[in-house]
Ligand code: URA
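Numbering (the working numbering), first residue to last: 1122 to 1371.
1) By DSSP, does residue 1269 sit in helix, in strand, or in coil?
2) Can you find the residues in the same chain that come closer than 6 Å, C-beta to C-beta, to residue 1265, ignoring five residues on each side of it along the sequence?
3) By Cβ distance, which residues of its chain are closer than 7 Å to residue 1194, with the 5 residues on each side in sequence left out?
4) In three-state DSSP terms, what is residue 1296?
5) Kindly indicate the opening and closing residues of the beta strand (DSSP E) around residue 1328.
6) Say the cut is 7 Å; is the CB of residue 1233 nearer than that to a heavy atom of ligand 1?
7) Using the Cα positions of residue 1173 and residue 1210, report the straight-line distance between them to the nearest angstrom.
8) First and last residue of the alpha helix (DSSP H) that includes residue 1301?
9) Rounded to a whole number of angstroms, what is the C-alpha to C-alpha distance between residue 1183 and residue 1177?
10) Which stretch, first to last residue, makes up the beta strand (DSSP E) that contains residue 1218?
11) Tell me the DSSP secondary structure of residue 1279 in three-state form.
12) Just verifying my parser: in three-state terms, what is the DSSP assignment at residue 1357?
13) Quick check: the region 1296 to 1312 against the region 1334 to 1342, are at least 3 beta-carbon pairs closer than 8 Å?
14) Can you tell me whether residue 1301 sits near ligand 1, meaning its C-beta is under 7 Å from at least one heavy atom of the ligand?
15) Any contact between the region 1355 to 1364 and the region 1318 to 1329? By contact I mean 3 or more CB pairs, one from each, below 8 Å.
16) Say yes only if the C-beta of residue 1336 is nearer than 7 Å to one or more non-hydrogen atoms of ligand 1, and no if none qualify.
17) Keeping to the same chain, check which residues put their C-beta closer than 6 Å to that of residue 1238; ignore five residues upstream and five downstream.
18) Looking only at its chain, what residues have a beta carbon closer than 6 Å to the beta carbon of residue 1236, apart from the 5 residues adjacent to it on each side?
19) Return the CA-CA distance between residue 1200 and residue 1288, expressed in angstroms with no decimal places.
20) Along the chain, where does the beta strand (DSSP E) that runs through residue 1324 open and close?
21) Rounding to the nearest angstrom, what Cα-Cα distance links residue 1243 and residue 1340 in this structure?
22) Quick one: measure Cβ to Cβ for residue 1283 and residue 1189, integer angstroms, because I've assumed they're closer than 8 Å.
23) Which whole-angstrom value is the C-beta distance of residue 1369 and residue 1294, which I expect to be below 8 Å?
24) Using only CA atoms, which one of 1196, 1191, 1179 and 1208 lies nearest to residue 1273?
25) When the Cα atoms are used, what is the spatial distance from residue 1444 to residue 1290?
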């Protein structure tokens, strides 16, 4: 009887784990993230991504999701979550959107952007000529902070290795940070940084564009809402260009 390479790899990884091997060395070490002092002076040239075969990455991503599901590094999040929220989308997605953390709907469904905030994200994607199924969605934190409070820095630090391994497996052409929390933690920008949107950056060899969080857009009204939505569209055009996708209307 012959077994598929995917099954062979899964069996090999399971036998390593049974033997007590929890982590395998990376073939491609992740570079240290760029520390941002002045966002506009960051290098903008992307390092061409080199990824392992898709089947290997799929198995590794499944294993990572299982590892995250049993994580108990943040006692309060572990005690209050319904489940962890890993991420959704095709493994070979060109574009990755990173939000802040699951809220109540996401905690219940187990998928990012499952509620009303996600509905606005779907509209933004539709304006870009994209469906949710075309992009990869994930969050800085994989657990819901109780009461939808802001993530604590220690919680983001605990979750960061998971996020980086996830991004290393997906290898998008561009990352779009939704909101200040995602932007600050991915780009290591200081809390007092001027808003990061409107420019592009590099993190881990991947171009990064920052824009407003859809929840923030939902809270605006009148002129402020119209202006922010135009700015968000400008950011999305930058995302599409970096992903080498057509920009609707151009
Ligand atoms: N839902 C998410 O998955 N992430 C957010 O940042 C907000 C709502």
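Idealized CB from N, CA, C, for every residue including glycine. Values in this document were obtained by computation on a predicted structure and should not be read as measured data.
Well, looking at it:
1) helix
2) 1202, 1223 and 1228
3) 1279
4) strand
5) 1327 to 1332
6) yes
7) 18 Å
8) 1301 to 1308
9) 10 Å
10) 1216 to 1220
11) helix
12) helix
13) yes
14) no
15) yes
16) yes
17) 1335 and 1336
18) 1226
19) 27 Å
20) 1321 to 1324
21) 17 Å
22) 5 Å
23) At roughly 18 Å, the Cβ-Cβ gap does not stay under 8 Å, so residue 1369 and residue 1294 are not in contact.
24) 1196
25) Absent from the structure is residue 1444, since the part of the chain shown begins at 1122 and ends at 1371.
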